[in-house]
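Here the structure comes first, spelled out in structure tokens, and everything after it is commentary.
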Amino acid sequence: MATAGLACYADPVSEGSQLAATLRDHASEILASWIVRFERSPLRFRRATKAATHTAQVASLVESLTEAAHGGIEGLTPGRPSTRELERSSAFLGSHFASEGATGYDVAALLLELRDVVAGMVSADAGKAMTQLFEWLTVVALDSFSASGMQSLREQNSDQLENGTPVVELLPKVPAVLLVGGPSSGVLDSLLARAWMLAVGTGAPCLVIDCAGLTAVGEKNLERAYPGFLEQAEGSALQVLLASARRPLREQIAALSQQSQISFQHFDRIDSAIAHALERAGHLLMRRT
Numbered sequence: 408m409a410t411a412g413l414a415c416y417a418d419p420v421s422e423g424s425q426l427a428a429t430l431r432d433h434a435s436e437i438l439a440s441w442i443v444r445f446e447r448s449p450l451r452f453r454r455a456t457k458a459a460t461h462t463a464q465v466a467s468l469v470e471s472l473t474e475a476a477h478g479g480i481e482g483l484t485p486g487r488p489s490t491r492e493l494e495r496s497s498a499f500l501g502s503h504f505a506s507e508g509a510t511g512y513d514v515a516a517l518l519l520e521l522r523d524v525v526a527g528m529v530s531a532d533a534g535k536a537m538t539q540l541f542e543w544l545t546v547v548a549l550d551s552f553s554a555s556g557m558q559s560l561r562e563q564n565s566d567q568l569e570n571g572t573p574v575v576e577l578l579p580k581v582p583a584v585l586l587v588g589g590p591s592s593g594v595l596d597s598l599l600a601r602a603w604m605l606a607v608g609t610g611a612p613c614l615v616i617d618c619a620g621l622t623a624v625g626e627k628n629l630e631r632a633y634p635g636f637l638e639q640a641e642g643s644a645l646q647v648l649l650a651s652a653r654r655p656l657r658e659q660i661a662a663l664s665q666q667s668q669i670s671f672q673h674f675d676r677i678d679s680a681i682a683h684a685l686e687r688a689g690h691l692l693m694r695r696t
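Position 44, counted from 1, in the sequence shown is what our numbering calls 451; the numbers after and before it change by one each time, with no gaps.
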């Protein structure tokens with residue numbers, strides 16, 4: 408009984424050792440074959456990247472695959488501890504491709520061509536397991552590629568909103584910030600800080616915050632960012648003039664301002680807010696007769 412149990416234990420160990428040895432002994436051949444297949448892959452359309460750019464990453468994948476293969480076919484099952492390093496490497500690969508302007512087709516070509524190379528060098532059962540594993544790794548890499556692309560887009564949008572949103576002195580001592588789109592709380596923190604510094608620097612009695620261009624997401628983020636602005640303005644005589652804000656936002660900003668003892672007034676139109684700011688700043692307003 409003990410001998411049979413030992414044999415059952417030794418079989419997968421031996422199988423895994425042989426599989427790992429095959430991959431290790433043919434690592435250079437795998438890499439060379441992958442380079443040729445990747446460059447010729449029909450999955451690639453734009454061919455925005457060269458195989459030479461990713462040989463080190465592919466070599467690392469092969470090394471991680473070799474380590475996973477020590478556990479035999481079972482060790483190549485997606486989600487096992489033995490495949491975690493492969494999954495991490497694939498996720499990093501997807502992010503890297505996104506950062507260099509490559510396409511999802513290039514990501515898929517890299518992994519699927521590598522799959523075909525290694526699957527052709529092992530037994531049928533091991534090849535089937537590797538095929539399933541590489542299909543999973545391709546999904547992981549493409550998910551990371553997509554997530555990185557979306558994050559990059561969000562960062563670009565945030566930069567554009569932060570740099571392009573007008574924080575201006577409309578007339579002497581009449582500063583205003585004209586909010587648009589759906590800026591994040593962090594962007595709004597920066598914009599309101601700039602507006603506060605402009606108001607302080609010009610000695611303005613009022614600050615106009617126009618919300619006509621804000622989306623619903625932008626309004627929610629303004630609610631989150633506004634307390635930070637109030638901390639900066641605490642103890643000052645500045646009056647906040649909120650323009651074109653919808654009722655829920657208006658009521659929330661009014662309540663927060665009251666709690667911080669900051670003077671607040673809302674106007675349905677920005678021109679009315681500006682007229683009030685002009686009057687407070689001592690500008691003479693021409694009235695129609």
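For glycine and all other residues, C-beta sits at the position ideal for the given N, C-alpha and C.
Just so we're clear, the structure is a prediction, and the values are computed from it rather than from any experiment.
Excluding the 5 residues flanking Trp441 on each side, which residues of the same chain have their C-beta closer than 7 Å to its C-beta? Val465, Glu520, Leu521 and Val524
Distance, Glu641 Cα to Gly501 Cα: 47 Å
Look up His433 in the DSSP assignment and say whether it is helix, strand or coil. coil
For the segment 554-564 against the segment 504-520, do three or more pairs of beta-carbon atoms, one drawn from each stretch, fall closer than 8 Å, so that the two count as touching? yes
Measure the alpha-carbon distance for Met528 versus Arg487 and round it to whole angstroms. 23 Å
Would you say Leu438 and Thr473 are within 8 Å of each other, going by their C-beta atoms? no
For Phe552, list the residues DSSP reports as bridge partners. DSSP, once it has assigned bridges, lists no residue as partnering Phe552.
Please classify Ala409: is it buried, with 16 or more other beta-carbons within 10 angstroms of its beta-carbon, or exposed? Bear in mind that a pLDDT of 40 at Ala409, under 50, signals an unreliable position, so the model cannot answer this.
Is the beta carbon of Gly588 sitting closer than 8 Å to the one on Gly625? yes
I want to know whether the segment 600-614 touches the segment 560-567 - three or more CB-CB distances under 8 Å. no
Just reading off the alpha helix (DSSP H) that Ser651 is part of, what are its end residues? First-last for Ser651: undefined, no H or E at that position.
Opposing strand residues paired with Asp523 [DSSP bridges]: DSSP output for Asp523 lists no bridge partner at all.
Alpha-carbon spacing of Tyr512 relative to Leu578, whole angstroms: 54 Å
As assigned by DSSP and simplified to three states, the class of Val587: strand
Residues near Asp532 by beta carbon distance below 7 Å, same chain, minus five either side: Ile480
Euclidean distance between Cα positions of Ser551 and Arg491: 15 Å
Indicate whether His461 and Leu517 have their beta-carbon atoms separated by less than 8 Å. yes
So, does the segment 666-683 touch the segment 648-658, judging by three or more C-beta pairs under 8 Å? yes
Using the beta-carbon count (16 or more within 10 Å), is Gly689 buried or exposed? exposed
Once you ignore the five residues that flank Val547 on each side, which residues in its own chain have a CB closer than 8 Å to its CB? Glu494, Ser497, Ala498 and Gly501
Which same chain residues, not among the five before or five after Asp675, have their C-beta less than 8 Å away from its C-beta? Ala650 and Ser651
Beta-ladder partner(s) of Ser468, from DSSP: Here the sequence assigns Leu to residue 468, which means Ser is not the residue at that position. Leu468 is not bridged to any residue.
Unbroken beta strand (DSSP E) run spanning Glu576, endpoints: Val574 to Leu578
Selected residue, minimal CA-CA separation from Ala661, among Ala515, Asp432 and Glu630: Glu630
What do you get for Asp596, buried or exposed, if any count of 16 or more other CB atoms within 10 angstroms of its CB means buried? buried
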